[in-house]
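First the structure, in the form of structure tokens, and then the observations on it.
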Amino acid sequence: KAGVTQTPRYLIKTRGQQVTLSCSPISGHRSVSWYQQTPGQGLQFLFEYFSETQRNKGNFPGRFSGRQFSNSRSEMNVSTLELGDSALYLCASSLAGADTQYFGPGTRLTVL
Amino acid sequence: DQQVKQNSPSLSVQEGRISILNCDYTNSMFDYFLWYKKYPAEGPTFLISISSIKDKNEDGRFTVFLNKSAKHLSLHIVPSQPGDSAVYFCAAKGNNDMRFGAGTRLTVKP
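Those protein sequence lines, which keep their order, are chains P and H. Residue numbering for the first sequence follows this note's numbering, beginning at 4 and increasing consecutively. Residue numbering for the second sequence follows this note's numbering, beginning at 17 and increasing consecutively.
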């Protein structure tokens with residue numbers, strides 16, 4: 004069974020731009036969660052989608068948004084990029100959200 | 017608001033010895049706890065978990081201990097191997113919420 008895939012793996016943007024990251028969960032998994040990883044901050048929860056609905060949201064500004072499609076694939080969008088948005092963005096999928104999550108390799112975003 | 021804390025950012029042990037990684041949490045609604053291991057350039061991978069109804073769970077060289085009254089869990093790796101060198105994250109789940117600690121970088125020296 005294929006694992007969680009994230010595209011692109013690396014991205015360089017400049018301040019003020021916007022970016023869209025994509026995540027394809029493991030086949031059959033309906034829950035997709037997004038996390039931001041920065042040095043010293045660990046994994047910070049962004050949001051969780053289940054059956055195309057946002058079920059949980061972390062403490063991030065409205066510039067961070069996401070959506071989930073009917074095939075469970077998910078996208079995350081960050082608008083008006085700031086230098087502090089430079090991080091590794093990880094996506095994780097699970098069957099129903101209340102069980103073990105499987106992570107993708109992440110998208111490394113660098114904002115210049 | 018760090019509900020899950022890993023107070024040691026790094027830990028270095030000798031091959032063959034025991035590695036003990038610690039994690040504290042504040043939210044009493046958490047009832048399921050997990051440890052993930054992360055190598056550079058890869059996403060975290062699930063290692064071991066424990067439910068709040070237990071105080072110990074063992075899987076090969078890995079054992080997780082839970083002290084609910086102290087809101088503390090620990091991961092023991094015995095014996096430690098150089099391939100265990102990675103960043104270890106603890107996570108806590110409950111009430112449809114999941115939080116991760118900041119991670120502890122374990123280095124196992126040959």
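Glycine included, C-beta positions come from ideal geometry on N, C-alpha and C.
Per-residue contacts from residue i into chain H (C-beta, under 9 Å)
i              : result
N59 (chain P)  : N112, D113, M114
F106 (chain P) : Y52, K54, E58, G59, P60, T61, F62
CB contact below 9 Å: residue i versus chain H
i             : result
A95 (chain P) : yes
S75 (chain P) : no
V7 (chain P)  : yes
S36 (chain P) : yes
Within-9 Å CB hit, residue i to chain P
i              : result
F105 (chain H) : yes
A102 (chain H) : no
Q22 (chain H)  : yes
Chain H residues whose Cβ lies nearer than 7 Å to that of residue i
i              : result
P28 (chain P)  : Near P28 (chain P) there are no residues of chain H at all, since even the closest Cβ is about 12 Å away, more than 7 Å.
T110 (chain P) : Those within 7 Å of T110 (chain P) in chain H number zero; the least Cβ separation is about 10 Å.
F48 (chain P)  : M114, R115
Among the options, the one whose alpha carbon lies nearest that of residue i
i              : options                       : result
Q19 (chain H)  : H:F78, H:P126, H:Y41          : H:Y41
S43 (chain H)  : H:H88, H:Y104, H:R77, H:N23   : A small correction: the amino acid at residue 43 (chain H) is Asn; Ser does not occupy that position in the sequence shown. Among H:H88, H:Y104, H:R77, H:N23, the Cα nearest to that of N43 (chain H) belongs to H:H88.
R66 (chain P)  : P:R18, P:Q9, P:F72, P:G6      : P:R18
P60 (chain H)  : H:Y104, H:D75, H:L122, H:N111 : H:Y104
N73 (chain H)  : H:Y55, H:S85, H:E58, H:H92    : H:H92
T79 (chain H)  : H:S28, H:L122, H:P126, H:L37  : H:L37
S101 (chain H) : H:F62, H:S85, H:P126          : H:P126
Chain-order list of residues whose beta-carbon lies under 6 Å from that of residue i (same chain, five-residue window excluded)
i             : result
Q57 (chain P) : F50
S96 (chain P) : V7, P28, I29, H32, V35, Y105
Contact list for residue i against chain P, beta-carbon separation under 8 Å
i             : result
S65 (chain H) : T103
Own chain residues within Cβ distance below 8 Å of residue i, not counting five before or after
i            : result
Q2 (chain P) : What is shown of chain P runs 4 to 115, which leaves residue 2 (chain P) out entirely.
G6 (chain P) : I29, Y105, G107
Residues of its chain near residue i, where Cβ-Cβ distance is below 7 Å and the 5 sequence neighbours each way are ignored
i              : result
Q170 (chain H) : Residue 170 (chain H) falls outside the range modelled here, since chain H spans only 17 to 126, and no answer is possible.
A131 (chain P) : Absent from the model: residue 131 (chain P). The displayed extent of chain P is 4 to 115, so no value can be given.
I60 (chain P)  : In the sequence as presented, Ile is not what sits at residue 60 (chain P); that position holds Lys. F50.
S75 (chain P)  : P28, H32, R33, V35
Touch test, the stretch 114-123 of chain H against the stretch 44-57 of chain P, Cβ-Cβ under 8 Å, three pairs minimum: With a cut-off of 8 Å, the stretch 44-57 of chain P and the stretch 114-123 of chain H count as touching, because enough Cβ pairs lie within range.
Inter-stretch contact (C-beta, 8 Å, three-pair minimum) for the stretch 74-81 of chain H and the stretch 101-112 of chain P: Under the three-pair Cβ rule at 8 Å, the stretch 74-81 of chain H does not count as touching the stretch 101-112 of chain P.
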